[in-house]
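In this text, residue positions in the sequence shown follow numbering that gives the first Met the number 0: the first is 0, and each later residue adds one.
All C-beta atoms in this analysis are idealised placements derived from N, C-alpha and C, irrespective of residue type, glycine included.
A short worksheet on the structure shown next.
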Amino acid sequence: MKRLRWQILVVVVTLVVVALLLVSQQPVLTPISPEPTSGGVYTEALIGSLGRLNPLLDWNNPADRDIDRLLFSGLIKFDSRGLPQPDLAEAWGTTPDGTVYNFTIRANAVWQDGTPVTSDDVIFTIGLIKTSSFFPQDVKDLWNQIEVKKLDGRNIKFTLPEPFAP
């Protein structure tokens, strides 16, 4: 009986030692850095074909939309939980009744050529949405109900006819 116990003990100890050796030989995984690096090449897989690089015209082509989201910024973007995060706007707020939204553009927001992004650029873009023949009528109708006003070079005010919660 004692001999059987010793044999079991030797087998168990041997298995533990082998398991520890196997675990110690596993490669150490380093976490992927969430910080982007500057320069280099980025490759993006697309499902579909790329038609144009214009965020105002990408509503009809998912491949265009995917690339445009990588290249162009909006005032805000949404995180994986659907919560708004800063993009071009560094700050924003709304009135208690939910009809007025004020956005402040980041001081360091620039176009690809280094020209500063201003509230005039935002107003110009929204003007294109309101008048362009490329957009469906319902999109134009929605934006034509919204008053957009330049407060200064970095501040914009959007006034909605009623609170909007999609």
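Put residue i into one of helix, strand or coil per three-state DSSP.
{"i": "Ala88", "result": "strand"}
{"i": "Pro160", "result": "coil"}
{"i": "Phe102", "result": "strand"}
{"i": "Asn53", "result": "coil"}
The beta strand (DSSP E) that contains residue i, what's its start and end?
{"i": "Thr114", "result": "Run containing Thr114: none; DSSP gives neither H nor E here."}
{"i": "Val147", "result": "146-149"}
Check whether the Cβ of residue i lies closer than 9 Å to any Cβ atom in chain C.
{"i": "Gly152", "result": "No chain C appears in this structure, which consists of one protein chain only."}
With a Cβ-Cβ cutoff of 9 Å, do residue i and residue j count as a contact?
{"i": "Asn218", "j": "Lys129", "result": "Residue 218 lies beyond the range of the chain shown here (0 to 165); nothing can be said about it."}
{"i": "Leu56", "j": "Ser72", "result": "no"}
{"i": "Ile66", "j": "Glu43", "result": "yes"}
{"i": "Gly81", "j": "Asn60", "result": "no"}
If you draw a straight line from the alpha carbon of residue i to that of residue j, how long is it in whole angstroms?
{"i": "Phe163", "j": "Thr98", "result": "8 Å"}
{"i": "Arg105", "j": "Thr124", "result": "17 Å"}
{"i": "Leu3", "j": "Gln24", "result": "32 Å"}
{"i": "Gln111", "j": "Lys148", "result": "25 Å"}
{"i": "Gly92", "j": "Leu150", "result": "14 Å"}
{"i": "Asn101", "j": "Leu19", "result": "60 Å"}
Can you pull the DSSP bridge partners for residue i?
{"i": "Lys76", "result": "Gln84"}
How is the alpha helix (DSSP H) around residue i delimited, first residue to last?
{"i": "Asp96", "result": "It is not in any alpha helix (DSSP H) - Asp96 carries neither H nor E in the DSSP assignment."}
{"i": "Gln24", "result": "From DSSP, Gln24 is part of no alpha helix (DSSP H); its letter is neither H nor E."}
{"i": "Ala62", "result": "61-70"}
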